[in-house]
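So the sequences go chain by chain: A and B. Using the numbering used here, the first residue of the first sequence is number 3, and each one after it goes up by one. Using the numbering used here, the first residue of the second sequence is number 3, and each one after it goes up by one. We put the CB at the ideal spot given by N, CA and C, even for glycine.
2 protein chains.
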Amino acid sequence: MPELLAERALVGHEIASRVRIEIDGRGDIVGVARDAAEAGGEPVRGLVLPGMPNLHGHAFQRAMAGLAERLEPGEASFWTWRDVMYRFLARLTPDDVRAIAAQVQVEMLEAGYTSLGEFHYLHHAPGGRPYDEPAAMSAAILDARRTSGIGLTLLPVLYTSGGFGGAPPAEGQRRFLHDLDGFGRLLAWTADATRDDPDLAFGIAPHSLRAVTDDELVQAVALLDALDPAAPVHIHVAEQAREVRDCLAWCGRRPVEHLLDVAEVGPRWCLIHATHMDEEETVRLARSAAVAGLCPTTEANLGDGLFNLPEFLSAGGRFGIGSDSHVGVSPIEELRWLEYGQRLGALRRLVAADERQPHTGARLWRAALEGGAQALGRPVGRIAPGARADLVVIDDDLPALAAARGEAVLDALVFSGNQNPVRRVMVGGRWRVADGRHAAREVVGEAYQRVVRRLV
Amino acid sequence: MPELLAERALVGHEIASRVRIEIDGRGDIVGVARDAAEAGGEPVRGLVLPGMPNLHGHAFQRAMAGLAERLEPGEASFWTWRDVMYRFLARLTPDDVRAIAAQVQVEMLEAGYTSLGEFHYLHHAPGGRPYDEPAAMSAAILDARRTSGIGLTLLPVLYTSGGFGGAPPAEGQRRFLHDLDGFGRLLAWTADATRDDPDLAFGIAPHSLRAVTDDELVQAVALLDALDPAAPVHIHVAEQAREVRDCLAWCGRRPVEHLLDVAEVGPRWCLIHATHMDEEETVRLARSAAVAGLCPTTEANLGDGLFNLPEFLSAGGRFGIGSDSHVGVSPIEELRWLEYGQRLGALRRLVAADERQPHTGARLWRAALEGGAQALGRPVGRIAPGARADLVVIDDDLPALAAARGEAVLDALVFSGNQNPVRRVMVGGRWRVADGRHAAREVVGEAYQRVVRRLV
Numbered sequence: 003m004p005e006l007l008a009e010r011a012l013v014g015h016e017i018a019s020r021v022r023i024e025i026d027g028r029g030d031i032v033g034v035a036r037d038a039a040e041a042g043g044e045p046v047r048g049l050v051l052p053g054m055p056n057l058h059g060h061a062f063q064r065a066m067a068g069l070a071e072r073l074e075p076g077e078a079s080f081w082t083w084r085d086v087m088y089r090f091l092a093r094l095t096p097d098d099v100r101a102i103a104a105q106v107q108v109e110m111l112e113a114g115y116t117s118l119g120e121f122h123y124l125h126h127a128p129g130g131r132p133y134d135e136p137a138a139m140s141a142a143i144l145d146a147r148r149t150s151g152i153g154l155t156l157l158p159v160l161y162t163s164g165g166f167g168g169a170p171p172a173e174g175q176r177r178f179l180h181d182l183d184g185f186g187r188l189l190a191w192t193a194d195a196t197r198d199d200p201d202l203a204f205g206i207a208p209h210s211l212r213a214v215t216d217d218e219l220v221q222a223v224a225l226l227d228a229l230d231p232a233a234p235v236h237i238h239v240a241e242q243a244r245e246v247r248d249c250l251a252w253c254g255r256r257p258v259e260h261l262l263d264v265a266e267v268g269p270r271w272c273l274i275h276a277t278h279m280d281e282e283e284t285v286r287l288a289r290s291a292a293v294a295g296l297c298p299t300t301e302a303n304l305g306d307g308l309f310n311l312p313e314f315l316s317a318g319g320r321f322g323i324g325s326d327s328h329v330g331v332s333p334i335e336e337l338r339w340l341e342y343g344q345r346l347g348a349l350r351r352l353v354a355a356d357e358r359q360p361h362t363g364a365r366l367w368r369a370a371l372e373g374g375a376q377a378l379g380r381p382v383g384r385i386a387p388g389a390r391a392d393l394v395v396i397d398d399d400l401p402a403l404a405a406a407r408g409e410a411v412l413d414a415l416v417f418s419g420n421q422n423p424v425r426r427v428m429v430g431g432r433w434r435v436a437d438g439r440h441a442a443r444e445v446v447g448e449a450y451q452r453v454v455r456r457l458v
Numbered sequence: 003m004p005e006l007l008a009e010r011a012l013v014g015h016e017i018a019s020r021v022r023i024e025i026d027g028r029g030d031i032v033g034v035a036r037d038a039a040e041a042g043g044e045p046v047r048g049l050v051l052p053g054m055p056n057l058h059g060h061a062f063q064r065a066m067a068g069l070a071e072r073l074e075p076g077e078a079s080f081w082t083w084r085d086v087m088y089r090f091l092a093r094l095t096p097d098d099v100r101a102i103a104a105q106v107q108v109e110m111l112e113a114g115y116t117s118l119g120e121f122h123y124l125h126h127a128p129g130g131r132p133y134d135e136p137a138a139m140s141a142a143i144l145d146a147r148r149t150s151g152i153g154l155t156l157l158p159v160l161y162t163s164g165g166f167g168g169a170p171p172a173e174g175q176r177r178f179l180h181d182l183d184g185f186g187r188l189l190a191w192t193a194d195a196t197r198d199d200p201d202l203a204f205g206i207a208p209h210s211l212r213a214v215t216d217d218e219l220v221q222a223v224a225l226l227d228a229l230d231p232a233a234p235v236h237i238h239v240a241e242q243a244r245e246v247r248d249c250l251a252w253c254g255r256r257p258v259e260h261l262l263d264v265a266e267v268g269p270r271w272c273l274i275h276a277t278h279m280d281e282e283e284t285v286r287l288a289r290s291a292a293v294a295g296l297c298p299t300t301e302a303n304l305g306d307g308l309f310n311l312p313e314f315l316s317a318g319g320r321f322g323i324g325s326d327s328h329v330g331v332s333p334i335e336e337l338r339w340l341e342y343g344q345r346l347g348a349l350r351r352l353v354a355a356d357e358r359q360p361h362t363g364a365r366l367w368r369a370a371l372e373g374g375a376q377a378l379g380r381p382v383g384r385i386a387p388g389a390r391a392d393l394v395v396i397d398d399d400l401p402a403l404a405a406a407r408g409e410a411v412l413d414a415l416v417f418s419g420n421q422n423p424v425r426r427v428m429v430g431g432r433w434r435v436a437d438g439r440h441a442a443r444e445v446v447g448e449a450y451q452r453v454v455r456r457l458v
């Protein structure tokens, strides 16, 4: 039975010293003891944190980071970015997606993410014909995960329409489409493929209110219920101001309002973005106990806008973070700019902190651990018996962190400097990153470069 | 005569191939040739960029990064942060400042900054008594620079008042104060100490309209004119909304408006922040040819607000970047979030790009090179004969940059991922960073840790 003896570790809300962490052969934590006196166990220098869940990503988009920053005639918006993205993905094969997914997963692990929600919508061959093996793209994602070792919740996407109310899909969306029967088969395949591996899980992702009808949304959840009534449901919602206007024009209600009306949104749900909510939507979403899936670097890159964090937290709302388009792949930068965006909006400091949790960095880190774990439907995000042994070792001896004591080290982690302090990373009891480098970094990086050099 | 043969280099507005860079014994570039055919010269793999000027920083604040993120009773603002900062600096000695300055300068070089404007206001012993050597703190900054090798424009600060119109200074400000005679002596010392070293320069920094009267501002510039009528003048202005209200209450004009009325603001001037400007101020500042000194990570950390970049650029405005309080020390993150903040404000993409310079990352990088060099009053920021040999070598073979070609590599540099791609850094013809590490990283880091551990 592997056993670690951590110099310091985040246990519950506290940075504890000399923490013994017992891990069973399956990769679960089975014992945690603070102030461990005796020797024994592998000594781990530094600060051990629960690995951060990355609750939202589209793997293939990693390869177009930086390629959509050139102004074409006209104004640049989310929608012109989406056109670039559709052109980019038009040529991708399952082999390409496997290579890109492995690269971004390796980057995630080196940055301190140990689990991922893959919101997977690129299903079919160019033109929209299913592959001979219809789940070939899903299989590519799972193959990548075998190389990287990241924990994964695979969320096959239902996409049927090109706009609110069942508008016909556009040409660029044909690789995403299923009817409910086809989606049901993909979902069954996904459930099967993720069964029996404690580092894998599944759920569904009706893409957005733009891409499924209300009926399809309800039926997709029913398909999932038949397999696992607790498995997660993710959906993009209210990312863009235009989306809110279009939704109002279609049904007279705002997107989050409409979603909360037509679906039984509860703790298994994760609403990605939820950027544009009025006060009532904000409070209703918070009270639903669903998770808001915030993706600050992507939401900034795409000019989406700022989430209403203060009111959402006041109402008891839960959130986690996602790297989404992977223009940034760092939980530290993601949380830093979640808070900084709020400060720029409110013209004050320490927006996420409150009297009970006065350390801003610590509060953000813990909230994202809890919300991320809930959204991924897996026992991660904490160092406690019953949780997976997903651990990140921070070098808290770095100059940037040297001045901080206790919880303040999490403030320094988020708000002091730009060097990656992650030294070692364990997923499900197995070390994947040592001395800041994933074991497969070179091989995966070379395969990735071959793909992107061919694509551009 | 040292000679480099760069695989790729940013020459003018273009990424050129096989660039021969000749450097004389003084550290100046004396020759640049593209498509160099013959062998000879030290081969440099990767992409060579002009080093980025960091036009604004307060070295000692590096050591409190992350320590002011804890909520105290009441609302957290710039002003409560300033109280924490005053308490923090109360105990610093010149030895402390030397160690902290060396640390932050090493971090800057490793991140790709090759020159710095040190806006230096911590002058005297605790309580406000001058040191036996009155310029002891300035000397500490210059000592640090001897260790790090960064190019430095030392800007001694004139600070006489605690608020607009000559209000008396507060207790926490006593270490900053000079009368004009004392300031004149410090300025003469600074001019002397920076003479004859081509990597050093000097200017002045009247702290802000809160800290000097209009008369003192004009007289400080006259003192500088007597030494060098082209040397730079830096001033904090319009950082906080409250500052604008206080200024209006005092003189009936907004801070930038007032400054432009009372001083002959021109190309030698650098207005730090200039966050809160109305349309007329924005256009007047742009037309003055002064540089706006933007510090996006600090301005976000302090909840200052967003600079009006689109109108400023439309009016031909010049800007550079500074890491200011050093909560972030990376030109990449600084430029990324300069643009991202704009996108979040305007709810659109590619705000800094225009028809003539459509690549957002390239445009931001080049503008910050030019504006930074102007603000620091030194021949840096370009790879051209007559400029200092301040060079940064980027590993453009990294997966994150592999897909980009030509100018798009600067888009990828700014908008793709979080790994530091800086491999080698040269200042004034001398390599200071190799394989991503400054030669003095260990020694400087250990000295820094001893200081901060004593302080907290």
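Note down the Cα distance separating residue i from residue j, rounded to an integer number of angstroms.
i      : j      : result
A:S290 : A:E283 : 10 Å
A:A38  : A:E24  : 12 Å
B:G408 : B:R368 : 14 Å
A:V264 : A:A142 : 34 Å
A:V416 : A:D392 : 20 Å
B:R455 : B:Y123 : 24 Å
A:G379 : A:F62  : 23 Å
B:R358 : B:W433 : 35 Å
Show which residues of chain B have a CB atom less than 8 Å away from the CB atom of residue i.
i      : result
A:R212 : Result: empty, since nearest Cβ-Cβ is about 18 Å, beyond 8 Å.
A:L457 : A405
For the candidate residues the options, whose alpha-carbon lies nearest to that of residue i?
i      : options                           : result
A:Q175 : A:P158, A:D97 and A:Y88           : A:Y88
B:F80  : B:V235, B:E40, B:V159 and B:E245  : B:E245
A:A354 : A:A137, A:P312 and A:A370         : A:P312
A:V329 : A:Y161, A:V453, A:G165 and A:H58  : A:H58
B:E241 : B:E5, B:W433, B:F204 and B:C297   : B:C297
B:A11  : B:T192, B:L51, B:A377 and B:L211  : B:L51
B:G343 : B:E372, B:T300, B:A377 and B:R384 : B:T300
B:P234 : B:R72, B:E77, B:E9 and B:G374     : B:G374
Below 7 Å on C-beta distance, what does residue i contact in chain B?
i      : result
A:P360 : R72 and L73
A:E335 : N420
A:S79  : R350 and R351
Please list the partners that residue i has in chain A, where partner means a Cβ-to-Cβ separation under 8 Å.
i      : result
B:F417 : A67, G68, E71, N303 and V329
B:W339 : A302, W339 and Y342
B:R345 : A302, N303, L304 and G305
Please work out which residues of its chain come closer than 7 Å, Cβ to Cβ, to residue i, disregarding the five sequence neighbours upstream and downstream, and give them in chain order.
i      : result
B:D413 : H361, T362, G363, A364 and A406
B:G129 : R176
Spatial neighbours of residue i within its chain, please: C-beta separation below 8 Å, excluding the five flanking residues on both sides.
i      : result
A:L457 : A65, F90, R93, L94 and D98
A:L188 : H125, P136, A137, S140, P158 and H180
Would residue i be called buried (16 or more neighbouring beta carbons within 10 Å of its own) or exposed?
i      : result
B:H15  : exposed
A:V435 : buried
B:S418 : buried
A:A302 : buried
A:D194 : exposed
B:G27  : exposed
B:A222 : buried
Since residue i meets chain A, which of its residues come closer than 7 Å, beta carbon to beta carbon?
i      : result
B:W83  : R351
B:V454 : A404 and A405
B:Y450 : P401
Using beta carbons (cut-off 9 Å, strictly below), is residue i in contact with chain D?
i      : result
B:S150 : Absence of chain D from the displayed structure is noted, the protein chains being A and B.
Looking only at its chain, what residues have a beta carbon closer than 6 Å to the beta carbon of residue i, apart from the 5 residues adjacent to it on each side?
i      : result
A:V453 : D98 and A101
A:R338 : V416
A:S459 : A query on residue 459 of chain A cannot be resolved here, the shown segment of chain A reaching from 3 to 458 and no further.
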